[in-house]
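Report on the structure given below.
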Amino acid sequence: MSRVAGGAVLALLVHLALASCGHNDAAIQGLKATGGILDLGGWDFDMKGTVELSGEWEFYWGRLLHSKFPHVEPAAEFINVPGIWNGHVIDGKKLPGEGRSTYRLFLRMPKQFQSGGGERLALMVHGIGTAYSIFINGSPVGGGGRVGESRDSSIPGYRPAIYAFMPGGRQVEILIHVSNYHHRKGGVWEKITLGPEPMIREGRDRRMARNFFLFGSIFLMGAYHLLLFALRKKDRSYCFFGILCFLIAVRILVTGEYYALHLVPWLPWKTVIGAEYISFYAAVPFFFLFMHSLFPDEFGDKPLVVVVIYGAIFSLIVIVSHPRFYTHTIQAYQIATTLFCVYGFIVLARARARKREGAYPFTAGFIILFTAVINDFLRNNMLLQTGYLVPLGLFAFIISQAFLLSIRFSKTIGAVEDLTAELERKNMRLLDLDRMKDDFLAAVSHELRTPLNGIIGLTESMRAGRRGEWSDDEISVLEMIHSSGRRLSDLVNDLLDFSRLKYRDASINLEPVDLRVIVDLVIGLTRPLVGTKPLQLINEIEPGGPMVFADEKRLQQVLHN
7 MSRVAGGAVL ALLVHLALAS CGHNDAAIQG LKATGGILDL GGWDFDMKGT
57 VELSGEWEFY WGRLLHSKFP HVEPAAEFIN VPGIWNGHVI DGKKLPGEGR
107 STYRLFLRMP KQFQSGGGER LALMVHGIGT AYSIFINGSP VGGGGRVGES
157 RDSSIPGYRP AIYAFMPGGR QVEILIHVSN YHHRKGGVWE KITLGPEPMI
207 REGRDRRMAR NFFLFGSIFL MGAYHLLLFA LRKKDRSYCF FGILCFLIAV
257 RILVTGEYYA LHLVPWLPWK TVIGAEYISF YAAVPFFFLF MHSLFPDEFG
307 DKPLVVVVIY GAIFSLIVIV SHPRFYTHTI QAYQIATTLF CVYGFIVLAR
357 ARARKREGAY PFTAGFIILF TAVINDFLRN NMLLQTGYLV PLGLFAFIIS
407 QAFLLSIRFS KTIGAVEDLT AELERKNMRL LDLDRMKDDF LAAVSHELRT
457 PLNGIIGLTE SMRAGRRGEW SDDEISVLEM IHSSGRRLSD LVNDLLDFSR
507 LKYRDASINL EPVDLRVIVD LVIGLTRPLV GTKPLQLINE IEPGGPMVFA
557 DEKRLQQVLH N
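Using my numbering, the first residue of the sequence shown is number 7, and each one after it goes up by one.
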């Protein structure tokens, strides 16, 4: 258990370290917008870096206001950014997810911007749901999708992007139109970051490099394990793990900054969000299929069926329904996934108690992954303001499992080599036994030939020496004994020939043979076996027919058989 505890501590430390990377100096110093105003008068971008535009923004529900900058009017409502407007109370009523609104924030800039000077700044906009337009000091600078006042006039579009501008004075107005008629959540979901344009772009490039590194590493890991499965189809863990890696790799491209839209700008919004949900809904059953393949005795079949059916149903819902509906299913699936993970910990506890191979490395990786998953669940529901950690948690888990599977594959190869060597030893032993058998047959054949030759010789002498003293029946019996002796002698010779065949040393004596005579001879030897049975052996080969080219003794052998 000490190793498990150590893994838990390591997971917690990794989680805290990564989560802290999501905060900048502004968050640490408690710099927040209040009453729709963010005072940056004492902020030094060169010394302190970028700043998150978090806190209270002016909020105009149901209205798409146009800027009257520099003239301002007081706002009746304020809302926290980042956040969603779902459940926000106005006049005693909670707001639904669908609707439209205007967000506005005033920035009081540092002194170097007071006279219209200073460097070029930029906004890094992440997730706004699901269509938005941004205006700075009354001028449009960009957006995603098309903002509308109804479902028909609004077009959703995820466009995390950088918008550069010149402040132009001590005060800057940021106004954002937002509409949502296609998702369960509406509002400015993710943080908006302000800073010098080079600094903003450098931060975006670092994140992109990190995420593409994760994508490439996980994708190649998936391809590698599917190749292992193609080479060794008996072990399905490679297949499940490879598919899991591909789903994770796809998820990296369709979440966060939606790099899939950078690679394929014309991708429809519905396709992107569908891939986002399916990559999660399908990854869960494949993960537990992988766990079941590693620990089949500890992971029950019935719980596995529940997980697979649950994932299949939710994935099917994504395929056949509209995002307006299936985005409401995410929380139910998050709860179910948490319960599945709890069962996974029970399975791993059993595996460790039974000292199953790989139980400890799997547990350590699973703790890291579970911590990242819970963090993202809370982040997705706006209960935490950390970064999304699942890609990093999954990468750490995949590395640990790839190491485990590599060990298993190495042991499998070692076992195959051992079995191959054992098989070679067995084959050598069989060859030795076969050689002993051949030697035995040869010895027995030689021993049998002597008495058989004696029998054949005696019968020939008896027939030739006192031929006039034998009756016809006695002569017939002597001929039968003589023919049978010859037959047995031929069988003994066949045993010797069989041994020679194995060593390619057998000889065949081909010569013209009268087939009718051979058949008569075989029938004569076989007729006593008929006895009183109502059978007749008839040779229907015409006399005087053509000769055949064959080995007479072997032809007799075939006919006798």
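Note that beta-carbon positions come from the ideal geometry of N, C-alpha and C, so glycine has one too.
Contact belief for residue i with residue j at Cβ below 8 Å, rounded distance in angstroms
i	j	result
Thr369	Leu345	About 18 Å separates the two Cβ atoms, so there is no contact after all.
Glu64	Gly42	4 Å
Tyr316	Tyr283	Going by Cβ atoms, the distance from Tyr316 to Tyr283 rounds to 14 Å, so no, they are not a contact pair.
Arg126	Ala170	6 Å
Val194	Pro88	6 Å
Arg114	Gly47	5 Å
Ile547	Val525	6 Å
Val313	Pro291	5 Å
Gly350	Thr377	Contact doesn't hold; Cβ gap of about 13 Å is too wide.
Arg190	His328	Actually they are not in contact, since the Cβ atoms of Arg190 and His328 sit about 11 Å apart, beyond 8 Å.
Ser5	Arg257	In this structure the chain extends from 7 to 567, so residue 5 is not present and cannot be described.
Ile374	Phe403	6 Å
Gly144	Ser73	4 Å
Gly228	Ala255	7 Å
Trp67	Pro162	Their Cβ separation, rounded to whole angstroms, is 19 Å, which puts Trp67 and Pro162 out of contact at 8 Å.
Leu527	Asp557	No, Leu527 and Asp557 are not in contact; Cβ-Cβ is about 15 Å, not under 8 Å.
Where the alpha helix (DSSP H) through residue i begins and ends
i	result
Asp45	It is not in any alpha helix (DSSP H) - Asp45 instead sits in the beta strand (DSSP E) that spans 43-45.
Glu558	558-566
Pro518	Premise fails: Pro518 lies in the beta strand (DSSP E), 517-519, not in any alpha helix (DSSP H).
Arg152	No alpha helix (DSSP H) contains Arg152, which DSSP labels as neither H nor E.
Ile161	That residue, Ile161, is in no alpha helix (DSSP H); it is neither H nor E in DSSP.
Pro309	307-326
Phe301	Note, Phe301: premise wrong, no alpha helix (DSSP H); not H, not E.
Phe119	Phe119 -> no alpha helix (DSSP H), and no H or E assigned at all.
Asp52	51-54
Those residues which DSSP pairs with residue i across a bridge
i	result
Asn459	In DSSP, Asn459 forms no bridge with anything.
Leu543	Answer is none; Leu543 lacks a bridge partner.
Ser107	Trp67, Val184
Ser145	Ile142
Tyr169	Leu129
Phe112	Ile43, Glu179
Lys580	Because the chain is modelled from 7 through 567, residue 580 falls outside the range shown and cannot be assessed.
Ala137	Ser185
Phe555	Pro518
Glu62	Asn86
Val194	Ile134
Val57	Leu200
Bounding residues of the beta strand (DSSP E) (the contiguous stretch that carries residue i)
i	result
Thr199	198-202
Asn86	83-87
Tyr332	Where Tyr332 is concerned, there is no enclosing beta strand (DSSP E), although the alpha helix (DSSP H) it sits in stretches over 329-332.
Met388	Note, Met388: premise wrong, no beta strand (DSSP E); not H, not E.
Length at least 4, wholly inside the region 232-278: the alpha helix (DSSP H) runs in chain order
243-259, 265-269
The region 348-368 touching the region 301-309, judged by at least three CB pairs closer than 8 Å:
yes
Stretch-stretch touch, CB-based, cutoff 8 Å, three pairs: the region 98-108 with the region 245-265:
no
Inter-stretch contact at 8 Å, needing at least 3 Cβ pairs: the region 211-231 / the region 183-199
no
Cβ contact (3+ pairs, closer than 8 Å) linking the region 136-149 and the region 214-233
no
Runs of beta strand (DSSP E) lying entirely within the region 332-370, each at least 3 residues, in chain order
none
Are three or more beta carbon pairs between the region 144-154 and the region 199-206 nearer than 8 Å?
no
Give a yes or no on contact between the region 459-469 and the region 490-498, applying the rule of three or more CB pairs nearer than 8 Å.
yes
Alpha helix (DSSP H) segments (min. 4 residues) lying fully within the region 399-450
none
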